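Chains as they are written, first to last, in numbering that gives the first Met the number 0: chain A, 0 to 179; chain B, 0 to 344. Idealized CB from N, CA, C, for every residue including glycine. Owing to the predicted nature of the structure, the values given are computational and were not obtained by experimental measurement.
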Amino acid sequence: MRFNQKGNTVAYDMSLFYFVAFLTILFSLLVIFTKNPVYSVLSLIATFFTFTIHYILLNAQFLAVVNFIVYMGAIMVLFLFVLMLMNLNEETEPMKSNLIKIIGVIAGVTLLVTLVGSIHALQTTGVSATPNSEIGLVENLGKVLFSEFLLPFELSSLLLLSAMVGAVLLAKKDKRTNNG
Amino acid sequence: MELAFLFEKLILVTVLFVLTLSIAAYSTWLERKVAAWLQDRVGPNRAGIFGLLQPLADGGKMFFKEEIIPSGSNKWLFIAGPSLALLVSFLGTAVIPFGQNIELFGKTVPLQVTDINVGILYIFGVVSLGVYGIMIGGWASNNKYSLMGAVRGASQNISYEIAMGLSIIALLLVTNTLSFKEIAEQQHSWHWNVIYQPLGFLIFIICAFAETNRVPFDLPECETELIGGYNTEYSAFKMGAYMFAEYINMFVSSAVMAVLYFGGYNYPGMDAVNSLLGPTWGPVIGVAVMFIKIIAFIFFFMWVRWTIPRFRYDQLMDLGWKILIPLAIANIVITAIVITVVDKL
Chain A
0 MRFNQKGNTV
10 AYDMSLFYFV
20 AFLTILFSLL
30 VIFTKNPVYS
40 VLSLIATFFT
50 FTIHYILLNA
60 QFLAVVNFIV
70 YMGAIMVLFL
80 FVLMLMNLNE
90 ETEPMKSNLI
100 KIIGVIAGVT
110 LLVTLVGSIH
120 ALQTTGVSAT
130 PNSEIGLVEN
140 LGKVLFSEFL
150 LPFELSSLLL
160 LSAMVGAVLL
170 AKKDKRTNNG
Chain B
0 MELAFLFEKL
10 ILVTVLFVLT
20 LSIAAYSTWL
30 ERKVAAWLQD
40 RVGPNRAGIF
50 GLLQPLADGG
60 KMFFKEEIIP
70 SGSNKWLFIA
80 GPSLALLVSF
90 LGTAVIPFGQ
100 NIELFGKTVP
110 LQVTDINVGI
120 LYIFGVVSLG
130 VYGIMIGGWA
140 SNNKYSLMGA
150 VRGASQNISY
160 EIAMGLSIIA
170 LLLVTNTLSF
180 KEIAEQQHSW
190 HWNVIYQPLG
200 FLIFIICAFA
210 ETNRVPFDLP
220 ECETELIGGY
230 NTEYSAFKMG
240 AYMFAEYINM
250 FVSSAVMAVL
260 YFGGYNYPGM
270 DAVNSLLGPT
280 WGPVIGVAVM
290 FIKIIAFIFF
300 FMWVRWTIPR
310 FRYDQLMDLG
320 WKILIPLAIA
330 NIVITAIVIT
340 VVDKL
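Shown next as structure tokens:
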């Protein structure tokens, strides 16, 4: 939330936040409740779009636009791409065995307990106005990333690079057998 | 104050919307005239003088044709596809500066809807969204040709986005800003970025052809192999929406290229003209120059379409991944080295 001097602007931001948060939850529920996988992916795209709005409300414009490009523009296109080629339909959806359902329920409940526990333990007083609310702008973010957090930044780029090399290796034809 | 601001932006958005629509409509007319000229024909000349009413006649035809929604298709997504394509194509115009600040009725008005500090990334995001219209429409048609077109469109867009992003990074090394307004201001008079980034511009314009699905990269609708590609099943105004989206995309990418590389509203000798004509009519000349550049790029798009044959799909992928991306990376490295050396001197 932006910390404005005028009280009415903050109130306006709050109602906007609740509206967008409602949309986020609605679309993410649609992701898991729709039967058609393509509808699921489209709902997920809408969810990511609401995330972008959240970032803008938090004055993190760079993060917003990067989320927009990377998640909505690249990753979800690939998701949709794969789903369209697999030709999944409501009729052809495989029936899952009871064992898998039970495992899913156990995993879900465990996650829920962990999340509730961590929220319970969270110090809510820790959240306050950041000393510099302009930190989300691209100029400040770049300066911080390339000075204070240079090592983690470079390490994460190395991680991405190695993942990329791995993907290329996996996709490459095997020269010895040549039956790829 | 707040209300006046909203009113000003509302007028600007409306003008821009109407202008974009009419430029897209007359691009269809221009395309036929250019094609006719290049093939030594006459082109449309029946509706109005020089066939100038042809776009209106086409629009009327689109409205009154029968709408067919295939029975095996997914009805909602079938309608959503072209709507999304049209919607997304308009979004890009919001950050483009069409002129200097102009003085109207004693007020200084910026000729740009919004100057966000991540303008270039915003355009990049909008471009990457453009493919959803094609993908959703192609898949919802429930037709093998449409699906093939949609899949081609998606993989082509993703491949060329990488080279496009890399060519923009080299440009950013030169400009040091992501805001369109600042980039336009930096290219005052004749200091156009194309002089500093010729290779970057070449890569960018090739990628722009691929992103707008224009010949020689119109593989998604390649009619010799795929009938009509993603719009095989479309008729009447939905077909028109796809076609319109393509022309609007062409207009937006021409405007982006004009601002990023060809100085936007700047031209040599603009200071003298501005001081002569004052703060109201001086920027008007700048806007005219901007539109001349945009129309020149649109003409270039058409010129290429009627000159160069379509690529084969593997050639398209080879060009994108094996030639443009390494070239773009080399361009970044060279630009960075040159900037460092020049700074040290």
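Checklist entry - What in chain B is Cβ-close to Val165(A), meaning under 8 angstroms? => result Taking the first residue of the first sequence as position 1, residue 165(A) is located at position 166. The question names Val, but residue 165(A) is Gly in the sequence shown. Per Cβ cutoff of 8 angstroms: no residues; Gly165(A) is ~17 angstroms from chain B at best.
Next on the checklist: Just to make sure I have the definition right: I need the residues of chain A whose C-beta is within less than 8 angstroms of the C-beta of Gly124(B). Which are they?
Outcome noted: Along the second sequence, read from residue 1 onward, the residue named residue 124(B) stands at position 125. Chain A residues near Gly124(B): Val64, Phe67, Ile68, Met71, Gly72.
Checklist entry - Are at least three pairs of beta-carbons, each pair with one atom in the segment 155 to 168 of chain B and one in the segment 198 to 215 of chain B, less than 8 angstroms apart? => result yes
Next on the checklist: So that I know if they touch, is there some Cβ in chain A lying closer than 8 angstroms to that of Val150(B)?
Outcome noted: In the second sequence, residue 150(B) corresponds to position 151, counting from 1. It does: the Cβ of Val150(B) has a partner Cβ on chain A nearer than 8 angstroms.
Checklist entry - Taking just the CA atoms, how far does Lys8(B) sit from Leu103(B)? => result As a position in the second sequence, residue 103(B) is number 104, starting the count at 1. As a position in the second sequence, residue 8(B) is number 9, starting the count at 1. Cα to Cα, the separation comes out at about 14 angstroms.
Checklist entry - What do you reckon, are the CB atoms on Asn248(B) and Thr223(B) nearer than 8 angstroms? => result In the second sequence, the residue the question calls residue 248(B) occupies position 249. In the second sequence, the residue the question calls residue 223(B) occupies position 224. No, these two residues do not count as a Cβ contact at 8 angstroms.
Checklist entry - Are any of the Cβ atoms in chain B nearer than 8 angstroms to that of Leu136(A)? => result Stepping through the first sequence from its first residue, residue 136(A) is reached at position 137. Yes, its Cβ sits closer than 8 angstroms to a Cβ of chain B.
Next on the checklist: So that I know if they touch, is there some Cβ in chain A lying closer than 8 angstroms to that of Thr334(B)?
Outcome noted: By 1-based counting over the second sequence, the position of residue 334(B) is 335. Answer no: the Cβ-Cβ gap between Thr334(B) and chain A never drops below 8 angstroms.
Checklist entry - Would a C-beta distance cut-off of 8 angstroms place Leu198(B) and Gln155(B) closer than the cut-off? => result Position 199 of the second sequence holds residue 198(B). Position 156 of the second sequence holds residue 155(B). Cβ atoms of Leu198(B) and Gln155(B): not closer than 8 angstroms.
Checklist entry - Do Ser178(B) and Gly118(B) have their CB atoms nearer than 8 angstroms? => result For the purposes of this step, residue 178(B) is taken as residue 179 along the second sequence, with counting starting at 1. For the purposes of this step, residue 118(B) is taken as residue 119 along the second sequence, with counting starting at 1. Contact: yes.
Checklist entry - How would you label Ile307(B), buried or exposed, when you count the other beta carbons within 10 angstroms and need 16 or more for buried? => result The count along the second sequence starts at 1 and reaches residue 307(B) at position 308. It counts as exposed.
Checklist entry - Using CA coordinates, which residue listed in Leu28(A), Ile52(A), Leu62(A) is at the minimum distance from Tyr17(A)? => result Indexing the first sequence from 1 puts residue 17(A) at position 18. Answer by Cα proximity: Ile52(A).
Next on the checklist: Using C-beta distances below 7 angstroms, list every residue in its chain close to Trp320(B), excluding the 5 sequence neighbours before and after it, in chain order.
Outcome noted: Residue 320(B) sits at position 321 when you count from the first residue of the second sequence. Hits under 7 angstroms: Ser158.
Checklist entry - Helix, strand or coil: which one does DSSP assign to Ile307(B)? => result If you number the second sequence from 1, residue 307(B) lands on position 308. Coil.
Checklist entry - In this structure, what does DSSP give as the bridge partners for Glu102(B)? => result In the second sequence, the residue the question calls residue 102(B) occupies position 103. Partner(s): Thr107(B).
Next on the checklist: Taking its Cβ as the centre, do 16 or more other Cβ atoms sit within 10 Å of Gly6(A), making it buried, or is it exposed?
Outcome noted: What you label residue 6(A) is simply residue 7 of the first sequence in a count that begins at 1. Here Gly6(A) scores only 44 on pLDDT, less than 50, and its place in the model is too uncertain to base an answer on.
Next on the checklist: Using 8 angstroms for Cβ pairs, my map puts Gly129(B) next to Tyr229(B). What's the rounded Cβ distance?
Outcome noted: Residue mapping note: residue 129(B) aligns to position 130 of the second sequence, counting from 1. Residue mapping note: residue 229(B) aligns to position 230 of the second sequence, counting from 1. The Cβ separation is near 12 angstroms, so there is no contact.
Checklist entry - Leaving out the 5 sequence neighbours to the left and right, which residues in its chain are closer than 6 angstroms to Phe89(B) when beta-carbon positions are compared? => result Position 90 of the second sequence, counting from 1, holds the residue named residue 89(B). Closer than 6 angstroms at Cβ, skipping near neighbours: no residue.
Checklist entry - Looking at the unbroken alpha helix (DSSP H) that takes in Ile331(B), where does it start and where does it end? => result For this step, residue 331(B) is matched to residue 332 along the second sequence. Looking at the DSSP string, the run of the alpha helix (DSSP H) that includes Ile331(B) is 324 to 343.
Checklist entry - Got a sec: is the Cβ-Cβ distance from Ile95(B) to anything in chain A below 8 angstroms? => result As a working note, residue 95(B) is residue 96 in the second sequence. It does not; no Cβ of chain A falls within 8 angstroms.
Checklist entry - Run through DSSP, which three-state label would Gly281(B) get? => result Taking the second sequence and counting its residues from 1, one reaches residue 281(B) at position 282. Correct three-state label for Gly281(B): helix.
Item to check | DSSP-derived helix/strand/coil call for Cys206(B) | outcome: Against the second sequence, residue 206(B) aligns to sequence position 207. Looking at Cys206(B) - three-state DSSP - the assignment turns out to be helix.
Next on the checklist: According to DSSP, simplified to helix, strand and coil, what is Leu5(B)?
Outcome noted: Translated into positions along the second sequence, residue 5(B) becomes position 6. It is helical.
Item to check | Inside the segment 236 to 289 of chain B only - beta strand (DSSP E) runs reaching at least 3 residues | outcome: none
Item to check | Alpha carbon of Leu146(B) to alpha carbon of Gly72(A), nearest angstrom | outcome: The sequence position of residue 146(B) within the second sequence is 147, counting from 1. The sequence position of residue 72(A) within the first sequence is 73, counting from 1. Using only the alpha carbons, I get a separation of about 19 angstroms.
Checklist entry - Quick one: what does DSSP say Tyr366(B) is sitting in, helix, strand or coil? => result No answer is possible for residue 366(B): it lies beyond the span of chain B, which begins at 0 and ends at 344.
Checklist entry - Hey, Val37(A) and Leu77(A): beta-carbon distance below 8 angstroms or not? => result Along the first sequence, one-based indexing puts residue 37(A) at 38. Along the first sequence, one-based indexing puts residue 77(A) at 78. Taking 8 angstroms as the Cβ cut-off, Val37(A) and Leu77(A) do not qualify as a contacting pair.
Next on the checklist: Give me the chain A residues within the contact set of Met134(B), using Cβ-Cβ distance strictly less than 9 angstroms, ordered along the chain.
Outcome noted: For the purposes of this step, residue 134(B) is identified with residue 135 of the second sequence, where counting begins at 1. Those within 9 angstroms of Met134(B) in chain A are Val76, Leu79, Phe80, Met83.
Checklist entry - Can we say the segment 91 to 100 of chain B touches the segment 173 to 191 of chain B, given the rule of at least three CB pairs closer than 8 angstroms? => result yes
Item to check | Three-state class that DSSP yields for Asp114(B) in the structure shown | outcome: The residue labelled residue 114(B) in the question sits at position 115 within the second sequence. Coil, per DSSP.
Next on the checklist: By the DSSP assignment, the alpha helix (DSSP H) with Leu318(B) in it spans what residues?
Outcome noted: Looking up residue 318(B) in the second sequence gives position 319. First-last for Leu318(B): undefined, no H or E at that position.
Item to check | Chain-ordered chain A contacts of Trp320(B) [CB-CB under 9 angstroms] | outcome: As a working note, residue 320(B) is residue 321 in the second sequence. Within chain A, no residue comes near Trp320(B); the closest Cβ sits about 11 angstroms away, beyond 9 angstroms.
Next on the checklist: Can you list, in chain order, the residues of its chain with a C-beta nearer than 8 angstroms to that of Gly164(B)? Leave out the 5 residues immediately preceding and following it.
Outcome noted: Position 165 of the second sequence, counted from the start, is the residue given in the question as residue 164(B). Answer for Gly164(B): Phe123, listed in chain order.
Checklist entry - How is Gln60(A) classed by DSSP in three states: helix, strand or coil? => result On the first sequence, position 61 is the one that residue 60(A) refers to. In this structure, Gln60(A) counts as helix in the three-state DSSP scheme.
Checklist entry - Does the Cβ of Val64(A) have 16 or more other Cβ atoms within 10 Å, making it buried, or fewer, making it exposed? => result As a first step, residue 64(A) is located in the first sequence; it is residue number 65 there, counting from the start. Buried.
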